[in-house]
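In the working numbering, the protein residues as written are 174 to 647.
Beta carbons: idealized from backbone N, C-alpha and C, even for Gly.
To keep things clear, I will list the structure first and then write my remarks on it.
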């Protein structure tokens, strides 16, 4: 469907050799040691009309050592929650058993044990506290996702109007205030934007059929209603950026951004059209909305090239979140997915690099924003090294690294503490307990292997050691 388009580059990035696509795909990052600060010697000279006295004063700076392990940054209750996950993921059979039992587990048990590790809260006040807790760990912003959807054709549990209002409230009452608070504490270009993720299947009744038949005249009115619902939310983003840009005219990236989340593959072409329509409306000068492309799909590379040409003709800017893929365990048509993980890794890394080159090679690039959404250490490290070697502030401010709340915390910690990455966010789901339980169930099913990679016996041992050191003198 999408023709292949060759992209050329006139201005090379510094240290492009950092992107050796697969050479580090299985390499584990090692944790950085504590950073110590030296004792300072201050020399003061005092003068008066008759005498000059030189006084040498030695001052000792009290150093608060940075934690050498991401587990040291977690509270005791967070450690216990992760410990339970570690026990639940010791082996593949245990994880499979947990997945089978999870639907029958009472919500109060989930909330008591692991809820806070993976979900932002039931309401806006709780989510705001989650943002504050992330900032204490050095993660200065987040991508909020109200977990109400109906991708399988089931009935939505809330009215569409209520979902729109709650999403708009999360922008006005959480993302904008939180981002402003973060901006007041540091360089305005060191704080990544706040994001709100929009699930198309949560913004229209009978969403699956609407997306499947987006170009069918019989569904035109329903598709237009879906577009209108998304417009109402993205306009809140657009208006917020316009107001904040007057307060901070030197900021290089947006303050808040809407993200259209991916759906399963048979619905995706309807989602792609929705993204294009929103780009055309809201990304004329600056990026207010970005789309999502799943790079485990064979068509993804040609799709990105198609989107670039379409944006040039439509005179609007692109922004996208690139993920490897979220539906690999539930995708019925396996032929649409790359045959091997190595092919997916190469496709992901090469298109990340291509996007960064485009963003770097023009004072007004057609791609205005990139979210590198990945739990892969190698991909995140390659991007971080590229950004560290660049002097392009627009590029450094508009390429953001993202992981799910509660996952890949070791990678997040390493990027921030060893490589001084500031452009790091967490994807924070929130909403009614029943819906967030469904979200957790999907994450176990879709990302079971990633959960096991983060967890299992090494995590249990690490948490046990951390708790022992924390309480051994009590």
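Inset, instruction - Look at the Cβ atom of residue 396, then the Cβ atom of residue 407, and state whether they are nearer than 8 Å. - result: no
Inset, instruction - Measure from the alpha carbon of residue 515 to the alpha carbon of each residue in 551, 321 and 540, then state which is nearest. - result: The residue with the shortest Cα to Cα distance from residue 515 is 551.
Legend entry - Residue interval of the alpha helix (DSSP H) (run including residue 409): 393 to 420
Legend entry - Runs of beta strand (DSSP E) lying entirely within the region 307 to 359, each at least 3 residues, in chain order: Taking only runs of at least 3 residues, the beta strand (DSSP E) segments lying wholly in the region 307 to 359 are 314 to 319.
Inset, instruction - Going by DSSP, name the residue or residues bridged to residue 602. - result: 318
Inset, instruction - Whole angstroms is fine: what's the gap from residue 658's alpha carbon to residue 317's? - result: No answer is possible for residue 658: it lies beyond the span of the chain, which begins at 174 and ends at 647.
Inset, instruction - Quick one: residues in its chain with C-beta nearer than 7 Å to the C-beta of residue 473, no 5 flanking neighbours on either side, listed in chain order? - result: 466, 467 and 520
Inset, instruction - For residue 263, collect the residues of the same chain with a Cβ closer than 7 Å to its Cβ; drop the 5 residues on either side in sequence, then sort them by chain order. - result: 629 and 630
Inset, instruction - Just mark residue 544 as buried or exposed, buried being the case when its beta carbon has 16 or more other beta carbons within 10 Å. - result: buried
Inset, instruction - Determine the burial state of residue 303: buried for a count of at least 16 other Cβ atoms within 10 Å of its Cβ, exposed for fewer. - result: buried
Inset, instruction - Under the assumption that residue 369 contacts residue 394 (Cβ atoms under 8 Å), give the Cβ distance between them as a whole number of angstroms. - result: Between residue 394 and residue 369 the Cβ distance is about 26 Å, and since that is not below 8 Å, they are no contact.
Legend entry - Pair within 8 Å by beta-carbon distance, residue 601 and residue 287: no
Inset, instruction - Can you tell me which of the three DSSP states residue 442 falls into? - result: helix
Inset, instruction - Measure the alpha-carbon distance for residue 392 versus residue 381 and round it to whole angstroms. - result: 11 Å
Inset, instruction - Compare the C-alpha of residue 252 against each of 527, 289 and 269 and name the closest. - result: Checked all of 527, 289 and 269; the closest Cα to residue 252 is 289.
Inset, instruction - Give a yes or no on whether the C-beta atoms belonging to residue 432 and residue 371 are separated by under 8 Å. - result: Yes. Within cutoff.
Inset, instruction - Drop a sphere of 10 angstroms on the beta-carbon of residue 309, count the other beta-carbons inside from all chains shown, and report buried for 16 or more, exposed for fewer. - result: exposed
Inset, instruction - Give the single residue among 319, 315 and 339 whose Cα lies nearest to the Cα of residue 612. - result: 319
Inset, instruction - Report all residues from its chain with a CB closer than 7 Å to the CB of residue 633; omit the five preceding and five following residues, and keep chain order. - result: Excluding the 5 residues flanking it on each side, residue 633 has same chain C-beta neighbours closer than 7 Å at 256, 259 and 260, in chain order.
Legend entry - Per DSSP, the bridge partner or partners of residue 494: 465 and 544
Legend entry - Beta-carbon gap between residue 315 and residue 367 smaller than 8 Å: yes
Inset, instruction - Consult DSSP for residue 268 and reduce its assignment to one of helix, strand or coil. - result: helix
Legend entry - Contiguous beta strand (DSSP E) assignments of at least 3 residues, all confined to the region 568 to 595: 572 to 577
Inset, instruction - Could you please give the first and the last residue of the uninterrupted alpha helix (DSSP H) stretch that includes residue 484? - result: For residue 484, the enclosing alpha helix (DSSP H) has its first and last residue at 473 to 487.
Legend entry - Cutoff 7 Å; reference residue 336; Cβ partners in own chain excluding five residues on either side: 319, 321, 375 and 376
Inset, instruction - To the nearest angstrom, report how far apart residue 479 and residue 459 are at their CA atoms. - result: 20 Å
Inset, instruction - Compute the Euclidean distance between the alpha carbons of residue 536 and residue 293, then round it to the nearest angstrom. - result: 37 Å
Legend entry - C-beta atoms of residue 415 and residue 570 nearer than 8 Å: no
Inset, instruction - Tell whether a beta-carbon distance below 8 Å holds between residue 581 and residue 548. - result: Closer than 8 Å, so yes.
Inset, instruction - May I ask you to verify whether the region 417 to 433 touches the region 349 to 359, counting CB pairs closer than 8 Å and requiring at least 3? - result: yes
Legend entry - Buried or exposed (CB count within 10 angstroms, at least 16 for buried), residue 637: exposed
Inset, instruction - Please name the residue in 500, 274, 272 and 364 whose C-alpha comes closest to that of residue 440. - result: When each option's Cα is compared against that of residue 440, the closest is 500.
Inset, instruction - Express the C-alpha separation of residue 463 and residue 379 in angstroms, rounding to a whole number. - result: In a straight line, the C-alpha of residue 379 is about 24 Å away from that of residue 463.
Inset, instruction - Whole angstroms is fine: what's the gap from residue 442's alpha carbon to residue 534's? - result: 30 Å
Inset, instruction - Could you check what DSSP says for residue 368 in three-state terms: helix, strand or coil? - result: Here residue 368 sits in strand by DSSP.
Inset, instruction - Starting from the Cα of residue 604, find the closest Cα among 507, 331 and 503 and give me that residue. - result: 331
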